[in-house]
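Adding 166 to a residue's 1-based position in the sequence shown gives its number in the numbering used here. Glycine residues also receive a C-beta, built at the ideal position from the N, C-alpha and C atoms. Quick caveat, the model's predicted, so the values are computed rather than measured. The structure under discussion appears below in the form of structure tokens.
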Amino acid sequence: MVESLNDKRAKFPKNKQKEFLKYIENKTQKTASQLASLLKIHPRTLREWKHEKYSIPLKSLKKLCDTANCNLPANVVIKQPFWWTKEAAKLGGQATYKKYGIIGGNQSTRQRHWKKWWNKEGKFKKENTKILKRKTIKKPRLSNDLAEFVGLVLGDGGITNRQITITLHYKNDKQYGVFVAKLIKRLFCVKPSIHYHKKKSVNAIVVSRTALVEFLVKNLGLKIGNKIRQQVDIPNWIKNNQKYALACLRGLVDTDGTIIKHSYNVKTKKYTYKKLAFTSKSIPLLQSVEEILSKLDIKHRRAGRGKYDIRVESRSAMERYFSLIGTHNPKHLKRYQK
Numbered sequence: 167m168v169e170s171l172n173d174k175r176a177k178f179p180k181n182k183q184k185e186f187l188k189y190i191e192n193k194t195q196k197t198a199s200q201l202a203s204l205l206k207i208h209p210r211t212l213r214e215w216k217h218e219k220y221s222i223p224l225k226s227l228k229k230l231c232d233t234a235n236c237n238l239p240a241n242v243v244i245k246q247p248f249w250w251t252k253e254a255a256k257l258g259g260q261a262t263y264k265k266y267g268i269i270g271g272n273q274s275t276r277q278r279h280w281k282k283w284w285n286k287e288g289k290f291k292k293e294n295t296k297i298l299k300r301k302t303i304k305k306p307r308l309s310n311d312l313a314e315f316v317g318l319v320l321g322d323g324g325i326t327n328r329q330i331t332i333t334l335h336y337k338n339d340k341q342y343g344v345f346v347a348k349l350i351k352r353l354f355c356v357k358p359s360i361h362y363h364k365k366k367s368v369n370a371i372v373v374s375r376t377a378l379v380e381f382l383v384k385n386l387g388l389k390i391g392n393k394i395r396q397q398v399d400i401p402n403w404i405k406n407n408q409k410y411a412l413a414c415l416r417g418l419v420d421t422d423g424t425i426i427k428h429s430y431n432v433k434t435k436k437y438t439y440k441k442l443a444f445t446s447k448s449i450p451l452l453q454s455v456e457e458i459l460s461k462l463d464i465k466h467r468r469a470g471r472g473k474y475d476i477r478v479e480s481r482s483a484m485e486r487y488f489s490l491i492g493t494h495n496p497k498h499l500k501r502y503q504k
């Protein structure tokens, strides 16, 4: 007899369920195992009934009485399915009231009571210590990899108080996203999570570490919040080192840059060449990018409305850019070589 959650249950007074089962064993001269087999239940279930851990399903009770040729006990109360949930909810409510002193009510009042409980008792409980323990990161030395990471954060990245997010196109930048995730793991010994946003067609590469945010801000010179409003710039430790500057520029262009295919006709002949464009509305950042390009003797110009675009257009300048700086974004390399 398979027990179902939808069965009605027989609720005995305290200690009476155990007495009843002993009576059935004596009356039928059957062992506990034989009775369990008769009811098609596990012997352990019968033992739990004897210990009054659980009530007996009404169907099982009737089967036992039929086997013993006796009437249903007069002292049982028949309970409907899930009768115990109301009692469990009541006990839960009492426990909540005992802990917080309020159930429901105003949200600010609940928060105030919770903070009072947390500061007085909750944060000292052993099971809550993991909540308070800050997750650590590896703090790398200054390097080309670190400078490139700073570049891609300045490009398509964002920093909040507890998170670093780098947003890339889910399809066009899929391979580059793998590179970025590996770079983060190599630098900080943290595996980032990747979240796909269908409406925006992007993958957000996210690291939730307060320790990493503090390292980027205090040690590397990055800023929390809106990059345009704060008019961010490449940190001095990068600008003062040519190798770091090249790596940072690669990170910037790999995220916020694009390769443009330009075609034009002269008489009946069609000419095609590639251009590189980097766009930002942070004036200090644009100026720093121009300085790096000028030091490398890579010809460029400002373009677009508001002059927020930096363009590298000539074939020789493009060749020099990809020779000296290069790219880790397969999308850019494919467009350049095509």
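- According to the DSSP assignment, residue 190 belongs to no beta strand (DSSP E) but to the alpha helix (DSSP H) extending over 182-194.
- For residue 495 against residue 410, the beta-carbon gap comes to about 19 Å, at or over 8 Å, which does not count as contact.
- Cβ neighbours of residue 379 within its own chain (closer than 8 Å, five residues either side excluded): 325, 326, 327, 328, 329, 330, 390.
- Shown here, residue 386 sits in coil according to DSSP, grouped into three states, outside any helix or strand.
- Given a length threshold of 3 residues, each whole run of the beta strand (DSSP E) inside the region 350-436 is given here in chain order: 359-363, 368-374, 423-432.
- Under the three-state reduction of DSSP output, residue 315 falls in the helix class.
- In this structure residue 441 is in contact with residue 477, their Cβ atoms being roughly 6 Å apart against a cut-off of 8 Å.
- In the three-state reduction of the DSSP assignment, residue 438 falls in the strand class, which pools E and B.
- 377 is the residue among 317, 199, 175, 377 whose C-alpha sits nearest the C-alpha of residue 300.
- Taking 3 residues as the minimum length, the beta strand (DSSP E) runs contained wholly in the region 328-353 are 329-335, in order along the chain.
- Rounded to the nearest angstrom, the gap between the Cα atoms of residue 209 and residue 346 is 58 Å.
- Residue 401 is positioned such that its CB atom lies closer than 8 Å to that of residue 386.
- Bridge partners of residue 302 according to DSSP: none are assigned.
- With contacts defined by Cβ atoms closer than 8 Å, residue 395 and residue 491 do not form a contacting pair.
- With respect to residue 344, residue 375 sits apart: the two C-beta atoms are not nearer than 8 Å.
- In this structure, the beta-carbon distance from residue 322 to residue 497 does not fall below 8 Å.
- Looking at 383, 437, 371, 174, the one whose alpha-carbon comes closest to that of residue 245 is 174.
- Closest in alpha carbon position to residue 364, among 392, 353, 383, 334, is 334.
- By the Cβ-count criterion, residue 358 is buried, with 16 or more other Cβ atoms from all chains shown falling within 10 Å of its own Cβ.
- Residue 237 is positioned such that its CB atom lies no closer than 8 Å to that of residue 182.
- A residue is called buried once 16 or more other Cβ atoms fall within 10 Å of its Cβ, and residue 438, having fewer, is exposed.
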